[in-house]
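Everything in the sequence shown is counted per the UniProt record's numbering, starting at 1 for the first residue and increasing by one. Where a beta carbon is used, it is the ideal one built from N, C-alpha and C, also for glycine.
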Amino acid sequence: MASIPLGTLWSPPAAVAVAATSRIARPVHIQLLDRRGPSSARVKIHARTRDAFRSHCDKRADHLPEPEPEPESEPENDDPNNAAPSENVPLVEELLKRYNAIKAEMGVREPPDIFLKEKGRISKYNMKLSSSDSNLNVDEKVQAQLVYESAQKALDLASTVMDIASLGCGMVEISKHTVDQMVRTYATIFCNVAEAAYHQKIEMETTLSFLGALRGLGAIGHIMVQDTMAKLKDGHFKNTIISYMDKHSEKFVKMMKNSEDETVESKSWQAVTGILLSCQIDTEVYILKLSKCHRAALDYLARKE
């Protein structure tokens, strides 16, 4: 089947700022003049102290070697951009801790990263695309990288579904082995779509397979949470969660159906990329809601034991 034509997307070049500092001596700014007239550019040179030219063979009156000069103290660096990287590591770690704490307060569990190998494979495609002189122009490379991002995050969703299965309490409708096989099949599809984007071969069936895999993750997650809900006693708590799940499940299925219809009618790469990103985000929201319902049900069952 013919590939979907690639569109154009303008992206401004990123500005690069380079800062240079000296650890030897304090810099002095002078202005140089050439024969053509004054220049506004400044040239930075380094002034050396008198001790820097003193020979180490000089001797005092007592014929003892001259003592080594005291090392000049380093100038203070007030520019935060020139700070050593190690100084910023604690800040980054603190921000990550706060981010994970906020997610924990929201009831969002951080699942184990099960598909590291597959994510590494997609990262290699991205690195090759960024460093190679391929036939893709800049705009087309950006579109391909957006597909890589969607595939990477879809693999994170696959890990979340596997995590729900690992926390199940005796599933009836579907076994853990079946969940493992199906989710790994979906993970392969996500990788294949990323590979197709690298080779500039995104076709209609490729896109629809990606959407189908997302739909499958949502369906498996819903079935597993339903199994857990069946163990709850009839009452307000159970009815509230089931009603919440059914509402969002219906919304998710409708969204996926509309996205598949839009994909069939799409005639440009940009449109397809937008559909993939949108569906991946909507699937993530849906699965996180399922995961939250699952955790609430497990906590309720644990308190009743």
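- Rounded to whole angstroms, the gap between the alpha carbons of A197 and A144 is 5 Å.
- If you draw a straight line from the Cα of I174 to the Cα of A165, it comes to about 10 Å.
- Within a 10 Å sphere around the beta-carbon of G120 sit fewer than 16 other beta-carbons, which makes this residue exposed.
- In the three-state reduction of the DSSP assignment, A230 falls in the coil class, being assigned neither a helical nor a strand state.
- Just so you know, the alpha carbons of L157 and K304 end up roughly 30 Å apart.
- Rounded to whole angstroms, K141 and V179 show a C-alpha spacing of 34 Å.
- Across the structure, G235 and M229 are spaced so that their CA atoms are roughly 11 Å apart.
- Residue state for E260 is assigned as helix, using DSSP reduced to three classes.
- DSSP places I189 inside the alpha helix (DSSP H), whose first and last residues are 176-198.
- A Cβ-Cβ distance of about 11 Å is found for the pair A187 and I122, leaving them out of contact under the 8 Å criterion.
- Residue burial annotation: M245 is buried, with at least 16 other C-beta atoms found within 10 angstroms of its C-beta.
- The shortest C-alpha to C-alpha distance from K292 to any of F115, D113, V161 is the one to V161.
- For F115, the three-state secondary structure derived from DSSP is coil.
- Here M127 is exposed: its Cβ has fewer than 16 other Cβ atoms, across all protein chains shown, within 10 Å.
- Straight-line spacing of the CA atoms in C279 and L146 works out to 13 Å.
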